[in-house]
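A.B. asks:
Number of protein chains: 2
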Amino acid sequence: MDYKCLLADRTNRMQANAIREILKVVATPGIISLAGGIPSPESFPMDIIRTLTQQVLEKYKSSAFQYDLTEGFLPLREQISILLGARGINILPDAVNITSGSQGVLDAIAKLTISKGDKIALESPTYLGALSAFNPYEPCYIPMEMDDEGLVPESLELVLKTHVIKFIYLVPTFQNPTGRSLTLERRIKIADIIQRHNVLLVEDDPYSSLRYKGDPVPAIKTLAPDHVIYISTLSKVFAPGLRIGFYAAPKFIREWLVLVKQGVDLHTSTFNQALAAEYLAGKHMDAHLPRIIDIYKPRQRAMTDALERMLPQGFSCAPSDGGMFLWVSGPKGFNALSLYDKAIEKGVAFVPGHFFYTDPEQGLETMRLNYTMADVATIEIAVEKLCDAIRDMQRREKK
Amino acid sequence: MDYKCLLADRTNRMQANAIREILKVVATPGIISLAGGIPSPESFPMDIIRTLTQQVLEKYKSSAFQYDLTEGFLPLREQISILLGARGINILPDAVNITSGSQGVLDAIAKLTISKGDKIALESPTYLGALSAFNPYEPCYIPMEMDDEGLVPESLELVLKTHVIKFIYLVPTFQNPTGRSLTLERRIKIADIIQRHNVLLVEDDPYSSLRYKGDPVPAIKTLAPDHVIYISTLSKVFAPGLRIGFYAAPKFIREWLVLVKQGVDLHTSTFNQALAAEYLAGKHMDAHLPRIIDIYKPRQRAMTDALERMLPQGFSCAPSDGGMFLWVSGPKGFNALSLYDKAIEKGVAFVPGHFFYTDPEQGLETMRLNYTMADVATIEIAVEKLCDAIRDMQRREKK
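These protein sequence lines map, in sequence, to chains A and B.
Counting along the first sequence from 1, when you hit position 390 you're at 390 in the numbering used here, and nothing is skipped either side.
Counting the second sequence from 1 gives a position; the numbering used here is that position plus 1000.
1. Could you please give the first and the last residue of the uninterrupted alpha helix (DSSP H) stretch that includes R1395 (chain B)?
2. Shorter than 8 angstroms from the beta carbon of H1354 (chain B) to some beta carbon of chain A?
3. Write down the C-beta distance between L76 (chain A) and I98 (chain A) rounded to the nearest angstrom, noting that I regard them as a contact closer than 8 angstroms.
4. DSSP three-state call for T233 (chain A): helix, strand or coil?
5. Is A16 (chain A) close to chain B, meaning its C-beta is less than 8 angstroms from at least one C-beta of that chain?
6. Considering only the alpha carbon of each residue, which of A:A277, A:P218 and A:L223 lies closest to F246 (chain A)?
7. Could you confirm whether any beta carbon from chain A is found closer than 8 angstroms to the beta carbon of Q1079 (chain B)?
8. Flag L1259 (chain B) as yes if its beta-carbon sits less than 8 angstroms from any beta-carbon of chain A, otherwise no.
9. Go through its chain and collect everything with a Cβ distance to G1117 (chain B)'s Cβ below 8 angstroms, but skip five positions before and after it.
10. Beta-carbon separation of S1062 (chain B) and R243 (chain A) under 8 angstroms?
11. Starting from V1105 (chain B), trace the alpha helix (DSSP H) in both directions and tell me its first and last residue.
12. If you run the structure through DSSP and keep just helix, strand and coil, what is D1094 (chain B)?
13. So G1088 (chain B) packs on P1206 (chain B), CB below 8 angstroms; how close in whole Å?
14. With hydrogens ignored, establish whether the beta-carbon of R1077 (chain B) is closer than 7 angstroms to any heavy atom of the ligand GTP.
15. Do L160 (chain A) and I193 (chain A) have their CB atoms nearer than 8 angstroms?
16. Whose Cβ in chain B lies nearer than 7 angstroms to the Cβ of S232 (chain A)?
17. Per DSSP, N17 (chain A) forms a beta bridge with which residues?
18. So which residues of chain A does S1115 (chain B) contact, with C-beta pairs closer than 8 angstroms?
19. Looking only at C-alpha atoms, which of A:E384, A:L311, A:Q394 and A:Q273 sits nearest to G333 (chain A)?
20. Within its chain, find whatever has a CB closer than 7 angstroms to the CB of G1179 (chain B); leave out the 5 residues flanking it on each side and keep chain order.
21. Nearest-angstrom Cα distance between R186 (chain A) and A130 (chain A)?
22. Please work out which residues of its chain come closer than 8 angstroms, Cβ to Cβ, to N1335 (chain B), disregarding the five sequence neighbours upstream and downstream, and give them in chain order.
23. Is N1176 (chain B) helix, strand or coil by DSSP?
24. State the DSSP-derived secondary structure class of R77 (chain A), mapped to helix, strand or coil.
25. Which complete beta strand (DSSP E) runs does the stretch 130 to 183 of chain A hold, if anything under 3 residues is left out?
26. Check each candidate in B:C1005, B:D1359 and B:R1368 and name the one with the smallest Cα separation from A1349 (chain B).
27. Go through the stretch 280 to 323 of chain A residue by residue and report every complete run of the alpha helix (DSSP H) that reaches 4 residues or more, in order.
28. Let me make sure I understand the geometry here. Which of B:P1352, B:F1238 and B:D1009 has the alpha-carbon closest to that of R1291 (chain B)?
29. Please check the pair F1356 (chain B) and P1177 (chain B), which I expect to be a contact at CB under 8 angstroms, by giving their CB distance rounded to whole angstroms.
30. What first and last residue would you give for the alpha helix (DSSP H) that runs through D1341 (chain B)?
31. Could you please tell me which residues of the stretch 88 to 108 of chain A, in chain order, have their CB closer than 7 angstroms to any CB of chain B?
32. Ends of the alpha helix (DSSP H) at R50 (chain A)?
33. Hey, quick one: how far does the beta strand (DSSP E) through D204 (chain A) stretch, first residue to last?
34. Measuring alpha carbon to alpha carbon, tell me which of A:P45, A:L69, A:I390 and A:I190 ends up nearest I286 (chain A).
35. Can you confirm whether L1074 (chain B), when its beta carbon is compared against all beta carbons of chain A, has any partner nearer than 8 angstroms?
36. Suppose you measure from the CA of G36 (chain A) to the CA of I22 (chain A); what does that come to, to the nearest Å?
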């Protein structure tokens, strides 16, 4: 039969994630991959998982395996309420909702709010997973300018003056793909702007716990609580395979998001939520997080130093205090898409930054480098190979 | 701020599940609930969960906690391929996809295929969870006639002659809410009809393993493989809280469904998929399923017998060979919505069948009774209370 005629109109906007295709290529042996975007398995608290599962079985018995509330497993919501409190977001457990990864709430927000053609303002470049959540609902994207201090507030103000938008989507801290963060001054400005314009901000914060230097900065949610949906996840501080995301949203929105989730997956795995509750209740995260930082901090340092030493003139790396990525920009005219094949020949892979822009003309000179998956020595070799590939390309272009 | 203006048009079609509201009421102590629709926790294989988790930790180590393929965890897909083979559906592991409960694939199918106003043909009454998956994509429903042998094929044929539909949605075996099953003869007719009309069937099969009498009947998927998406779940034969669903679909559709799922939740919990793989690979399900049937079979029998003994004249219970529900119909003019409050007064709850119809005029005389959550003695008392309530109501109406 002809299956094509079954496709809904919205499928025009859906396509395979380009990075996913790149990741398939770089699984080839002999290639050092700086292309991935996942936590190191060394960062998972494998030493306590057995104990956690035993505690869950003893404490919750069969109820950890039964259907549960769409809102989330109450013992986990209690723990997340405490965790959010430590981030300055004070809400009761009843107001915390759990989702299947932060992807789950990105999909729900899009389903709840976006009618075809509605406008979403976002950082340029932005997180690709958010685009794959939003795209099926057929929005228009309004990209906003960033610099080394994150989103430029004037760019947001201009967008809000010239467009009616459904929401703003930001990753303010250690952004994927750039590793950049919004300064406190800018957060205050942005909180003021969204309140003045009465517009909703979706603040996606998967990385703020992975800080390797500098002082913590508050979430924008703490500065404009009624205008922000704050999203976070346990994927980077516990284990991504458990698929535990969570969010704090104004009551009206929260109740609708629960209704949306009910139709999508009924609820998130009860057993995994119970494991996460035990992980947090037992203060295991507090003990384990410094160990995760001990793994990543030297890797970030090694990559930053190697780039500083070896990058050819005209190239620069954006300053970053944490997360999983560094962002390299080349001089005008440099094309990271062309570099990609040459880098693979040298034995190193990365993601051309171009893919993170909604405007296909932008970002050709940029690259995203991940440092969580390789050790310090390997990172140094990888950066050397990458810089060799750049020099080779520049030499050939001069000829 | 005014949150209402943020809502997308599709929210007009989304509303709180009426049954969920009923279930909140019946959590009151002292009320016997036949209203639920969930497996008994006694049916979960709690005695082997600890062993399974230890096996997963030894065998898969940290990879059970890492991000994984959207398609599903390969060791589970291998096991599901074997399980499907035993149901006469022969597909390779690569062609098996895992979802977050069967709700996950219902949402994905709707997102993939339904443009606003597209028509879906379904049994009347039908499964409410499917409606909450489909509704946000704004379809029109074309209800089809059922009798004690399931969907009436002539009704399907008529619908296909008079409407262009996107897909047919059926629960052919031990349907929720009616407990009824399509006979083999009708399955053959329906397979023929959908192939002649070149139309897609979504065959939802959560219950076929829960058979208490009669011979197994093949899935329609086995009779018309290119025209059917076959959906099933481990929720009723392992544990619903783990949220493991799976499906077998034609290649073109399967590849699109994976793309849809990527935007919704990236993938289903790796750890839970690994647990399920061990459950199946260790033949634990083969050993455990007879124990589940030993729990439910006497309960179904007790309810059937009690209804036969006690239901007033004019009332009947649909024949059912398995699953979790019995379906009672009263005489014309009987209103199960009015009975509901009287039944609560007597101390028993059920779901008025009305809620399972897309046409608000239909099903007023029907009731869904669940028998998985109460023991035999309690079921007998509950049926007695229910029949008392009916008689009281009839007496009052005669006055």
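Ideal placement from N, C-alpha and C gives every residue a C-beta, glycine not left out.
Model, not experiment: these values are computed from the prediction.
C.D. replies: Once the coordinates are examined:
1. Note, R1395 (chain B): alpha helix (DSSP H), V1376 to K1398.
2. It does not; no Cβ of chain A falls within 8 angstroms.
3. With 8 angstroms as the limit, L76 (chain A) and I98 (chain A) qualify as a contact, their Cβ atoms being about 6 angstroms apart.
4. Assignment of T233 (chain A) by DSSP, reduced to helix, strand and coil, places it in the strand class.
5. It does: the Cβ of A16 (chain A) has a partner Cβ on chain B nearer than 8 angstroms.
6. Among A:A277, A:P218 and A:L223, the Cα nearest to that of F246 (chain A) belongs to A:A277.
7. Judged by the 8 angstroms Cβ criterion, Q1079 (chain B) is not in contact with chain A.
8. Output row for L1259 (chain B): interface = yes.
9. Cβ neighbours of G1117 (chain B) beyond the five flanking positions: E1138, P1139 and C1140.
10. Against a cut-off of 8 angstroms, the Cβ pair of R243 (chain A) and S1062 (chain B) comes out as no contact.
11. Residue range G1101 to T1113 is occupied by the alpha helix (DSSP H) that includes V1105 (chain B).
12. D1094 (chain B) falls in the helix class under three-state DSSP.
13. Not a contact, Cβ separation roughly 17 angstroms.
14. The ligand GTP is not among the ligands present in this structure, which contains no ligands whatsoever.
15. Taking 8 angstroms as the cut-off, the beta carbon of L160 (chain A) is found closer than this to the beta carbon of I193 (chain A).
16. Within 7 angstroms Cβ-Cβ: nothing; S232 (chain A) doesn't reach chain B, min ~16 angstroms.
17. Per DSSP, none; premise fails for N17 (chain A).
18. By Cβ distance, chain A contributes A8, D9 and R10.
19. If we check each option's Cα against that of G333 (chain A), A:Q394 comes out closest.
20. Setting aside the 5 residues that flank it on each side, G1179 (chain B) is surrounded in the same chain by A1318, S1320, G1323, F1325, L1326 and W1327, each with a C-beta closer than 7 angstroms to its C-beta; the list follows chain order.
21. The straight-line gap from Cα to Cα measures roughly 23 angstroms.
22. L1364 and E1365.
23. In the structure shown, N1176 (chain B) sits in coil (DSSP, three-state: anything other than H, G, I, E or B).
24. In the displayed model, R77 (chain A) falls within a helix according to three-state DSSP.
25. Unbroken beta strand (DSSP E) runs of no fewer than 3 residues, entirely contained in the stretch 130 to 183 of chain A, are found at 140 to 144 and 167 to 170, following chain order.
26. Measuring from the Cα of A1349 (chain B), the nearest candidate turns out to be B:R1368.
27. Qualifying alpha helix (DSSP H) stretches, in chain order: 284 to 310.
28. Taking R1291 (chain B) as reference, the option from B:P1352, B:F1238 and B:D1009 with the minimal CA-CA separation is B:F1238.
29. So it is a contact: roughly 5 angstroms between Cβ atoms.
30. It spans A1336 to K1346 - the alpha helix (DSSP H) in which D1341 (chain B) sits, taken as one unbroken run.
31. Within the stretch 88 to 108 of chain A, S100, G101, Q103, G104 and D107 place their CB atoms closer than 7 angstroms to a CB of chain B, listed in sequence order.
32. Start and end: M46 to Y60.
33. Segment L200 to D204, the beta strand (DSSP E) holding D204 (chain A).
34. The amino acid at residue 286 (chain A) is misidentified as Ile; the sequence shows Asp. Checked all of A:P45, A:L69, A:I390 and A:I190; the closest Cα to D286 (chain A) is A:P45.
35. False, the Cβ-Cβ gap to chain A never drops below 8 angstroms.
36. For G36 (chain A) and I22 (chain A), the gap between their C-alpha atoms comes out near 9 angstroms.
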